[in-house]
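*Asks:*
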Amino acid sequence: MSSAEKGPVGKVLAALGSLKLTVALLGMSIFLVFAGTLAQVDKGIWTVMEQYFRCFVAWIDFKIFFSRDSHIPGGFPFPGGRLLGAALLVNLLVSHGQRIQLKARGPRMALGFATLAVGLAATWSVITHVFDADSTKAANDPSLRVTYQLMYGGGAGAILFVACWLLFQRKAGIVLLHTGVVILMLSELTTSMLAKEAQMSIFEGQRMNFVEDTRSVELAIVDASDPATDDVYAIPERRLRRTESISVEGLPFVVDTDAGKFMKNAALTPAQPGETNPATQGAGVRWLAKDAPESSGVDTSGGVDLPAIYVKLREKSGPDLGTWLVGIRLTLESGAQIVRAGGKEYKVSLRFAREYKPYSLYLYNFRFERYAGTDTPKDYSSYVKLDDPERGVVRDVRIWMNNPLRYRGDTLYQSSFDRSEQGTVLQVVENRGWMAPYVGCMIVAIGLLGQFQLHLLEFLRKRLSS
Amino acid sequence: MSLMRFAALTTALLLAAGCGREDEVRHYKAPKDPMWRILGAVAPTPGATWFFKVAAPSDRLDFVKPEVIALFRSLRVEDGQLRWTPPQGWTEEKASPQREATLKFGAQEPRLELAVTRLAGDGGGMLANLNRWRGQLGLEGVGEAGLPKKLDGAATDVYIVDMVGPTRPAAGPRAMGRPQEPPPQAGRPQPTLDDIRSLFSFDQPPGWKENPQPSSGRIFEFMIDDASGSALVTLSALQGGGDLAGNVNRWRTQAGLDPMADADIPKAAAPVSFVGNDAWLVEAIGKDRGIVAIASLNSQFSIFLKMDGAPAAVSAQKTAFMNLAQSFKMKGRNE
Numbered sequence: 048m049s050s051a052e053k054g055p056v057g058k059v060l061a062a063l064g065s066l067k068l069t070v071a072l073l074g075m076s077i078f079l080v081f082a083g084t085l086a087q088v089d090k091g092i093w094t095v096m097e098q099y100f101r102c103f104v105a106w107i108d109f110k111i112f113f114s115r116d117s118h119i120p121g122g123f124p125f126p127g128g129r130l131l132g133a134a135l136l137v138n139l140l141v142s143h144g145q146r147i148q149l150k151a152r153g154p155r156m157a158l159g160f161a162t163l164a165v166g167l168a169a170t171w172s173v174i175t176h177v178f179d180a181d182s183t184k185a186a187n188d189p190s191l192r193v194t195y196q197l198m199y200g201g202g203a204g205a206i207l208f209v210a211c212w213l214l215f216q217r218k219a220g221i222v223l224l225h226t227g228v229v230i231l232m233l234s235e236l237t238t239s240m241l242a243k244e245a246q247m248s249i250f251e252g253q254r255m256n257f258v259e260d261t262r263s264v265e266l267a268i269v270d271a272s273d274p275a276t277d278d279v280y281a282i283p284e285r286r287l288r289r290t291e292s293i294s295v296e297g298l299p300f301v302v303d304t305d306a307g308k309f310m311k312n313a314a315l316t317p318a319q320p321g322e323t324n325p326a327t328q329g330a331g332v333r334w335l336a337k338d339a340p341e342s343s344g345v346d347t348s349g350g351v352d353l354p355a356i357y358v359k360l361r362e363k364s365g366p367d368l369g370t371w372l373v374g375i376r377l378t379l380e381s382g383a384q385i386v387r388a389g390g391k392e393y394k395v396s397l398r399f400a401r402e403y404k405p406y407s408l409y410l411y412n413f414r415f416e417r418y419a420g421t422d423t424p425k426d427y428s429s430y431v432k433l434d435d436p437e438r439g440v441v442r443d444v445r446i447w448m449n450n451p452l453r454y455r456g457d458t459l460y461q462s463s464f465d466r467s468e469q470g471t472v473l474q475v476v477e478n479r480g481w482m483a484p485y486v487g488c489m490i491v492a493i494g495l496l497g498q499f500q501l502h503l504l505e506f507l508r509k510r511l512s513s
Numbered sequence: 012m013s014l015m016r017f018a019a020l021t022t023a024l025l026l027a028a029g030c031g032r033e034d035e036v037r038h039y040k041a042p043k044d045p046m047w048r049i050l051g052a053v054a055p056t057p058g059a060t061w062f063f064k065v066a067a068p069s070d071r072l073d074f075v076k077p078e079v080i081a082l083f084r085s086l087r088v089e090d091g092q093l094r095w096t097p098p099q100g101w102t103e104e105k106a107s108p109q110r111e112a113t114l115k116f117g118a119q120e121p122r123l124e125l126a127v128t129r130l131a132g133d134g135g136g137m138l139a140n141l142n143r144w145r146g147q148l149g150l151e152g153v154g155e156a157g158l159p160k161k162l163d164g165a166a167t168d169v170y171i172v173d174m175v176g177p178t179r180p181a182a183g184p185r186a187m188g189r190p191q192e193p194p195p196q197a198g199r200p201q202p203t204l205d206d207i208r209s210l211f212s213f214d215q216p217p218g219w220k221e222n223p224q225p226s227s228g229r230i231f232e233f234m235i236d237d238a239s240g241s242a243l244v245t246l247s248a249l250q251g252g253g254d255l256a257g258n259v260n261r262w263r264t265q266a267g268l269d270p271m272a273d274a275d276i277p278k279a280a281a282p283v284s285f286v287g288n289d290a291w292l293v294e295a296i297g298k299d300r301g302i303v304a305i306a307s308l309n310s311q312f313s314i315f316l317k318m319d320g321a322p323a324a325v326s327a328q329k330t331a332f333m334n335l336a337q338s339f340k341m342k343g344r345n346e
């Protein structure tokens, strides 16, 4: 059917599923990756991720394409990663809907769908990692961990290939490998929206049950009057970036924020006499916070941005409590500041966004081994005690490079350490779909191999029959 | 087309799941944060003051406190020297340039370390040292009322310090995995003292003698010894370095002067420029000891140039000290 013979819906579908659109979208994706890479000269990798890839429209500054001495103003909007990804997904699904047809009928179709159901169930099981929920119980040799994961994905892919062969015959491989691509795209979407990444820093002899996300901060207001637990109010960074009065039920004072007073990365200098200092109370009286350049994505030192903000506090029914400087560096160096209001003391601090875990880790020992006679790192290991009162789990675990602990949906990697070598930093990733990329890759591989085999078999059959 | 519907539905559900909650103020009960603890003792003896200190996560020190107190109770002066009897299972390593001894204890590896240091005279004063330790724990300074209590049952005067605070002492203010911390794979060699010294150039005042091997933690040391008395000039750099009020009051206390209220601190410090940075000039001349110091304070890296000695010598050499300060240049800063 020519395009002139199609109705409006047909024309739209033809355009959505066209190969030209595929090429254009892939070209734009390559350009977006190029621009995002250049932007990391000035911006942190996670800022670029949010502004270029995990958004529907990206704003690309002209200056990223020129020397930074040029000071070229302006920029232009461009489809962001999510928009391009969604368009590619629609393009893929529509083109397959138009070009791929079921070839099975009757019992073969029934068998095909039954096999497909089994394959999808196996794929889902592998992705939701029912096979490996707690790596501390896994008997697998750690060195074969990735091999096992690929085998699980490969097994699910093999079942799906049989289903596709029953349903689509000659095009079974094409359908399967594109299914793998769809899984890869959706896994990135779910990861960007649902996965959490944070750090757990523990010193030897310390027990820790919370993680901190060093990419975002929160204003923590803590009533510590109860000797057993702290009563915590945590205002997220997104609220601190706005100009608003934040009144929270249970707190006797209001926090006034000013969007212009939030510093993504702040440098502290001693306040000089005669210099205008916005802070009128607390540690900020002695320090002045100034905007500092954001840690860039090309910085190899692994620097972290240290935000700060000036906030005004005032009692809900009483006096102004003054302007306070709160910042990560102040918190790291001298802890929280004390605010007295409503007859109580509150500990106020800006800290990395925190999340408590239902389990705790106690660090027995951090070990940094070097090759004999050199400073070349050989191995980093954290010897910890995992303690989960809810599940009655108490177990000693070793976490070392490329051999994480997986527990309750979290993966805890050996990430860094304190320079005293008496403390460890674990990267804690909560990503329920971490198996999806493994499965997607194996499905793509099996789809490709299967398609080649089908063509080879067809070629051989024709050759033999001729 | 059913696959398209499934994909659209999944996407819509994911979008819905990801919206809204990030803006909410969270209110919850949480366990107390892990704390750090310093368990220490100060033992004044004729001509010197001894400091004993162990710092560790608070929970860990709870278990060993009785042993530590037993060690402090064993302190005694014999033949003019302070002696002690380590509890059973403790090991002792002898002097290093910074310490008189290091005592290792505790059943768990790595073992805890209790550092023993000895400073001449009053070691800068009980209150100044107490507040220095409090600062390391992230606690505010205290006045005379907060001075440590004397330990009962010891054969000599021993004052016990037991403090808990939110920040980690001893290894500087930087927490791990945080600001500018190198990743594990960095494995870079640390710069040597010579590397650091080569960054600086200066005009040495006449009559001053440079010590080519300065004490630990110092980059340069100059000795002055003339008719007015002797003094020592040091250049040192520290991560962190504290705030102006803490430094001013430490120097004042060392010089035998009363600490100042925070509001009066600006009166005791004059703004100057030092190695291309804004800095403070602080003068604390007491009856027996004088200190003139220039502090370039930065929360990441602070530089101190300090003259410490007999009050008359410090006063007489102040002009030379200021000339030295003005001549100091640092590569990449003011050179």
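Quick mapping for you: the protein sequence lines, in order, are chains D and R. When we follow the working numbering, the leftmost residue of the first sequence carries the number 48, and every step to the right adds one. When we follow the working numbering, the leftmost residue of the second sequence carries the number 12, and every step to the right adds one. Backbone N, C-alpha and C fix where the C-beta goes; we use that ideal spot for every residue, glycine too. Fair warning: this is a prediction, and the values are worked out from it, not measured in the lab.
(1) What does the Cβ neighbour count give for Asp352 (chain D), buried or exposed, with the cut at 16 atoms within 10 Å?
(2) Of all the options D:Cys102, D:Gly220, D:Leu68, which has the alpha carbon lying nearest to the alpha carbon of Gln500 (chain D)?
(3) Considering only their Cβ atoms, is the gap separating Phe413 (chain D) from Phe464 (chain D) smaller than 8 Å?
(4) Contact between the stretch 65-76 of chain D and the stretch 126-146 of chain D is defined here as three or more beta-carbon pairs at a separation below 8 Å; is this criterion met?
(5) Count the C-beta pairs between the stretch 305-321 of chain D and the stretch 60-77 of chain R that are closer than 8 Å, then say yes if the count reaches three, no if not.
(6) From Gly487 (chain D) to Gly497 (chain D), what does the alpha carbon distance come to, in whole angstroms?
(7) Identify the contact partners of Asn256 (chain D) in chain R, using a Cβ-Cβ distance below 8 Å as the criterion.
(8) 8 Å is my cut-off, CB to CB: does Arg229 (chain R) come that close to chain D?
(9) What residue range does the alpha helix (DSSP H) around Lys425 (chain D) cover?
(10) Leaving out the 5 sequence neighbours to the left and right, which residues in its chain are closer than 6 Å to Met1 (chain R) when beta-carbon positions are compared?
(11) How about Ser462 (chain D) and Asp434 (chain D): are their beta carbons less than 8 Å apart?
(12) Among D:Ala210, D:Thr226, D:Leu360, D:Lys391, which one has its Cα closest to the Cα of Tyr157 (chain D)?
(13) Measuring alpha carbon to alpha carbon, tell me which residue in R:Gly240, R:Met271, R:Ser212, R:Arg229 is nearest Gly218 (chain R).
(14) Which class does Met234 (chain R) belong to by DSSP, given the choice of helix, strand or coil?
(15) I want to verify the contact list: residues of chain D whose CB lies under 9 Å from the CB of Gln119 (chain R), in sequence order.
(16) Between Thr170 (chain D) and chain R, is any beta-carbon pair separated by less than 8 Å?
(17) Listing by chain order, which chain C residues have their CB less than 9 Å from the CB of Gln498 (chain D)?
(18) Since Asn324 (chain D) contacts Ala330 (chain D) with CB under 8 Å, what's their CB separation in whole angstroms?
(19) Just how far apart, CA to CA, sit Asp34 (chain R) and Val95 (chain D)?
(20) Taking only runs that begin and end inside the stretch 311-397 of chain D, name each unbroken alpha helix (DSSP H) of 4 or more residues, in chain order.
(21) Do you know offhand how far Leu266 (chain D)'s Cα is from Val165 (chain D)'s?
(22) On the three-state DSSP scale, how would you describe Asp465 (chain D)?
(23) For Arg189 (chain R), which residues in the same chain have their Cβ closer than 6 Å to its Cβ, ignoring the five residues on either side in sequence?
(24) Could you check the C-alpha separation between Gln145 (chain D) and Arg101 (chain D) for me, to the nearest Å?
(25) For Glu322 (chain D), which residues in the same chain have their Cβ closer than 7 Å to its Cβ, ignoring the five residues on either side in sequence?
(26) If distances are taken between C-alpha atoms only, which option among D:Glu251, D:Thr84, D:Pro154, D:Glu362 comes closest to Thr471 (chain D)?
(27) Against Ile282 (chain D), what residues of chain R qualify as contacts under a CB-to-CB distance less than 9 Å, listed in chain order?
(28) Return the CA-CA distance between Asp273 (chain R) and Ala256 (chain R), expressed in angstroms with no decimal places.
(29) Pick from D:Ala61, D:Arg442, D:Met448: whose alpha carbon is nearest that of Glu416 (chain D)?
(30) Is Gln337 (chain R) helix, strand or coil by DSSP?
(31) Residues of chain R with a CB under 7 Å from the CB of Pro320 (chain D): which are they?
(32) Taking only beta carbons into account, state which residues of the stretch 246-275 of chain R come closer than 8 Å to chain D, listed in chain order.
(33) Does DSSP put Lys53 (chain D) in a helix, in a strand, or in coil?
(34) Please confirm whether Pro77 (chain R) has its beta-carbon closer than 8 Å to some beta-carbon of chain D.
(35) What residues from chain D crowd round Ala67 (chain R), counting only those whose CB sits closer than 9 Å?
(36) Find the residues of chain D that neighbour Gly149 (chain R), judging by a C-beta separation of less than 8 Å, and give them in chain order.
*Replies:* If we stick to the structure as given:
(1) Residue mapping note: residue 352 (chain D) aligns to position 305 of the first sequence, counting from 1. Buried: at least 16 other Cβ atoms inside 10 Å.
(2) The residue given as residue 500 (chain D) occupies position 453 in the first sequence. In terms of CA proximity to Gln500 (chain D), D:Gly220 leads the group D:Cys102, D:Gly220, D:Leu68.
(3) On the first sequence, residue 464 (chain D) is found 417 positions in, with the first residue counted as 1. On the first sequence, residue 413 (chain D) is found 366 positions in, with the first residue counted as 1. A contact, by the Cβ cut-off of 8 Å.
(4) Taking a cut-off of 8 Å on C-beta distances, the stretch 65-76 of chain D touches the stretch 126-146 of chain D, as three or more cross pairs fall below it.
(5) With contact defined as three or more Cβ pairs closer than 8 Å, the stretch 305-321 of chain D and the stretch 60-77 of chain R are not in contact.
(6) Numbered from 1 along the first sequence, position 440 holds the residue referred to as residue 487 (chain D). Numbered from 1 along the first sequence, position 450 holds the residue referred to as residue 497 (chain D). Gly487 (chain D) and Gly497 (chain D): Cα-Cα distance of roughly 15 Å.
(7) Mapped onto the first sequence, residue 256 (chain D) falls at position 209. Correct list: Pro42.
(8) Within the second sequence, residue 229 (chain R) is the residue found at index 218, counting from 1. When Cβ-Cβ separations below 8 Å define contact, Arg229 (chain R) makes no contact with chain D.
(9) Counting from 1 along the first sequence, the entry for residue 425 (chain D) is found at position 378. Segment 424-435 is the beta strand (DSSP E) holding Lys425 (chain D); no alpha helix (DSSP H) there.
(10) This structure gives no information on residue 1 (chain R), because the portion of chain R shown stretches from 12 to 346.
(11) Walking along the first sequence from the start, residue 462 (chain D) turns up at place 415. Walking along the first sequence from the start, residue 434 (chain D) turns up at place 387. The Cβ atoms of Ser462 (chain D) and Asp434 (chain D) lie no closer than 8 Å to each other.
(12) On the first sequence, residue 157 (chain D) is found 110 positions in, with the first residue counted as 1. Here residue 157 (chain D) is Ala; the residue named in the question, Tyr, does not match the sequence. Comparing Cα-Cα distances from Ala157 (chain D) to each of D:Ala210, D:Thr226, D:Leu360, D:Lys391, the minimum goes to D:Ala210.
(13) As a position in the second sequence, residue 218 (chain R) is number 207, starting the count at 1. In terms of Cα proximity to Gly218 (chain R), the closest of R:Gly240, R:Met271, R:Ser212, R:Arg229 is R:Gly240.
(14) Translated into the one-based positions of the second sequence, residue 234 (chain R) becomes position 223. Three-state DSSP puts Met234 (chain R) in a strand.
(15) Position 108 of the second sequence holds residue 119 (chain R). Within chain D, the residues near Gln119 (chain R) are Glu251, Gly252, Tyr411, Asn412.
(16) For the purposes of this step, residue 170 (chain D) is taken as the residue at position 123 of the first sequence. No, no contact with chain R.
(17) This model lacks chain C altogether; the protein chains it does include are D and R.
(18) Taking the first residue of the first sequence as position 1, residue 324 (chain D) is located at position 277. Taking the first residue of the first sequence as position 1, residue 330 (chain D) is located at position 283. Not quite, the Cβ-Cβ distance comes to about 12 Å (not below 8 Å), so this is no contact.
(19) Residue 34 (chain R) sits at position 23 when you count from the first residue of the second sequence. Residue 95 (chain D) sits at position 48 when you count from the first residue of the first sequence. Near 21 Å, if we compare the C-alpha coordinates of Val95 (chain D) and Asp34 (chain R).
(20) The stretch 311-397 of chain D contains these whole alpha helix (DSSP H) runs: 375-381.
(21) Taking the first residue of the first sequence as position 1, residue 266 (chain D) is located at position 219. Taking the first residue of the first sequence as position 1, residue 165 (chain D) is located at position 118. C-alpha separation (whole angstroms): 49 Å.
(22) Taking the first sequence and counting its residues from 1, one reaches residue 465 (chain D) at position 418. Reduced to three states, the DSSP call for Asp465 (chain D) is coil.
(23) Within the second sequence, residue 189 (chain R) is the residue found at index 178, counting from 1. Unreliable positioning characterises Arg189 (chain R) in this predicted model, as indicated by a pLDDT of 34, which lies under 50. The coordinate reading is nonetheless provided below. Around Arg189 (chain R): no qualifying Cβ.
(24) In the first sequence, the residue the question calls residue 145 (chain D) occupies position 98. In the first sequence, the residue the question calls residue 101 (chain D) occupies position 54. For Gln145 (chain D) and Arg101 (chain D), the distance between alpha carbons rounds to 30 Å.
(25) Along the first sequence, one-based indexing puts residue 322 (chain D) at 275. Result list for Glu322 (chain D): Leu335, in chain order.
(26) Here the question's residue 471 (chain D) lines up with position 424 in the first sequence. Distance check between Thr471 (chain D) and each of D:Glu251, D:Thr84, D:Pro154, D:Glu362 places D:Glu251 closest, using alpha-carbon atoms only.
(27) Position 235 of the first sequence holds residue 282 (chain D). Result: Val36, Arg37.
(28) Stepping through the second sequence from its first residue, residue 273 (chain R) is reached at position 262. Stepping through the second sequence from its first residue, residue 256 (chain R) is reached at position 245. Roughly 6 Å separates the two Cα atoms.
(29) In the first sequence, the residue the question calls residue 416 (chain D) occupies position 369. Of D:Ala61, D:Arg442, D:Met448, the residue nearest in Cα terms is D:Met448.
(30) Position 326 of the second sequence, counted from the start, is the residue given in the question as residue 337 (chain R). Helix at Gln337 (chain R).
(31) What you label residue 320 (chain D) is simply residue 273 of the first sequence in a count that begins at 1. Residues of chain R passing the Cβ test: Pro277, Pro282.
(32) Per Cβ criterion, the list reads Gly251, Asp254, Leu255, Ala256, Asp273.
(33) Counted from its first residue, the first sequence places residue 53 (chain D) at position 6. Annotated three-state conformation of Lys53 (chain D) is coil, per DSSP.
(34) Within the second sequence, numbered from 1, the residue matching residue 77 (chain R) stands at position 66. Cβ-Cβ to chain D under 8 Å: no for Pro77 (chain R).
(35) Within the second sequence, numbered from 1, the residue matching residue 67 (chain R) stands at position 56. Phe250, Glu251, Gly252, Gln253, listed in chain order.
(36) The count along the second sequence starts at 1 and reaches residue 149 (chain R) at position 138. The answer, in chain order, is Glu380, Ser381, Gly382.
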